[in-house]
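Take 692 as the starting number for the sequence shown in the numbering used here and just add one per residue. Each remark here refers to the structure printed beneath this line.
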Amino acid sequence: MSSSFGTLFRISTFGESHCKAVGVVIDGCPPGLGLIEKDIQVQLDRRRPGQSALTTDRQEADQVIILSGTENGVTLGTPIALQVANKDHRPKDYTNMQDIPRPSHADYTYQMKYGIRASSGGGRSSARETIGTVASGAVAAKVLKEKYNIDIVAWVSSVGEIEAETVAFDTITRSEIDKSIVRCPDRTATEKMTALVTELKDLGDSIGGTVSCIIRNVPPGLGEPTYEKLEAKLAQAMLAIPATKGFEVGSGFAGTRLRGSQHNDPFIRKGDRLGTETNNSGGIQGGISNGEYITLRIGFKPPATISLPQDTVDFSGKSAVLEAKGRHDPCVVPRAVPIVEGMAALVILDMALRQEARKAFQFKK
Ligand SMILES: Cc1cc2nc3c(=O)[nH]c(=O)nc-3n(C[C@H](O)[C@H](O)[C@H](O)COP(=O)(O)O)c2cc1C
């Protein structure tokens, strides 16, 4: 099991879906940062279940408590422990799934790996685990904003076959995105997505989608080639989110259809640095940020737990029909938006701190 992430800004998350609480310990947060619960709660509210008719009906307030690492609303440089209670769990909903591993969920693989698993709620494979990521990501994002003016915005760019129109990268904001119940800035697409997700929720089925993310004002120089190239670290972080199936940076897979002459990003002068005219690179070249916007797209599968009957087998191999009970997300992408933002903040801050350490230690020329 590996529940820790990051080198200088290091987080360790804990908790299962139906235990007493979930949370995170952050080691390496710089001292002197103003930090109160409200700074973190905003992002947890955007992640929480039961927030709209399109998400799971599990009702959790997800109120965060800062247990340590701050005094009078300021970080001390010591470990920051953040905790969120689990309240609305209904283990009985899972009784018919104890003997039958849910197709495409993690019941079978957890059982094979550990020889034991949490008896309900998916244990650690549940998306409740992402509370730690979102909470620590909100802290990282605050450091990034105050120190470098870096900001990170994610949104839903597709649900099933419905694609959003291109977004204005310079101006898009979280509050603009939150005007849409699916967190898609395109109004026409929002209506179609809402109708589709509602229909599938009523049917007891589910659907996948994509989340796009932009990271603005990242200085050139972040990323640690070879094995911790910036895009490699971002890919690792994003693919650690439950239900992710794909990761793209810049032109992504569409770029594979282009010629070099079409795909290259010519350099131009931008103030005191070189910039690029186009941004097919997605702000990263050679595993290092180049100062342009970092652009990402993450693919999420349809959630596995559906209440439609599915032919499968139980743990002994005997034929079975599974009709999942309980409350589940018909589509995870609206709630995945703050998780993607949190993961992005964790990676960028860790890389920024590592680059600061390198810069501070340079020999004079
Ligand atoms: C925000 C969010 C909510 C999720 N909600 C559900 C859910 O209600 N039901 C479900 O089966 N999976 C849900 N998932 C996905 C599962 O946690 C995930 O599919 C499962 O752990 C198996 O892991 P894998 O899909 O990464 O292989 C959710 C994922 C995210 C990011």
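All residues carry an ideal CB built from backbone N, CA and C; glycine is no exception.
DSSP-derived helix/strand/coil call for K1050:
helix
Inspect the CB distances between the region 991 to 1011 and the region 955 to 964 and report whether three or more fall short of 8 Å.
no
In whole angstroms, give me the CA-to-CA distance for S743 and A1051.
47 Å
Hey, R1045 and T698: beta-carbon distance below 8 Å or not?
yes
For A776, write down the residues that DSSP places opposite it in a beta bridge.
A712
Where does I731 fall in DSSP's three states?
helix
Look at the alpha carbon of D779 and the alpha carbon of K711, and state the distance between them as a whole number of angstroms.
11 Å
Could you check whether G706 and R819 sit closer than 8 Å to each other, using their CB atoms as the reference points?
yes
Could you tell me which whole beta strand (DSSP E) segments of length 3 or greater appear in the region 890 to 970?
900 to 907, 935 to 940, 958 to 961, 964 to 967
My assumption, with CB atoms under 8 Å, is that S980 sits in contact with G912. Please give the rounded CB distance.
6 Å
Assign M692 to one of two classes, buried (16 or more other C-beta atoms within 10 Å of its C-beta) or exposed (fewer than that).
exposed
Leaving out the 5 sequence neighbours to the left and right, which residues in its chain are closer than 6 Å to I932 when beta-carbon positions are compared?
I1030
Which residues does DSSP pair with L1013 in a beta bridge?
Q1001
Locate the beta strand (DSSP E) running through S848, then write down its first and last residues.
842 to 850
Is the separation between the beta-carbon of A1027 and that of V902 shorter than 8 Å?
yes
Considering just the uninterrupted stretch of the alpha helix (DSSP H) at S866, what are its terminal residues?
865 to 868
Does Q953 pass the burial test, meaning 16 or more other C-beta atoms within 10 Å, or should it be called exposed?
exposed
Residue range of the unbroken alpha helix (DSSP H) whose run includes S703
S703 -> not in any alpha helix (DSSP H); beta strand (DSSP E) instead, spanning 701 to 705.
Mind checking who I853 pairs with in its DSSP beta bridge?
V850
Please identify the residue among V844, T996, M884 whose C-alpha is closest to the C-alpha of I853.
M884
Quick check on this structure: which residue in G814, Q802, D718 has the alpha carbon closest to the alpha carbon of A772?
D718
Under DSSP, the beta strand (DSSP E) around V987 begins and ends at which residues?
Reading the sequence as shown, one finds Leu at residue 987 and not Val. Unbroken beta strand (DSSP E) run through L987: 985 to 991.
Count the other C-beta atoms from every protein chain shown that fall within 10 angstroms of the C-beta of V733, then say buried if there are 16 or more, exposed otherwise.
exposed
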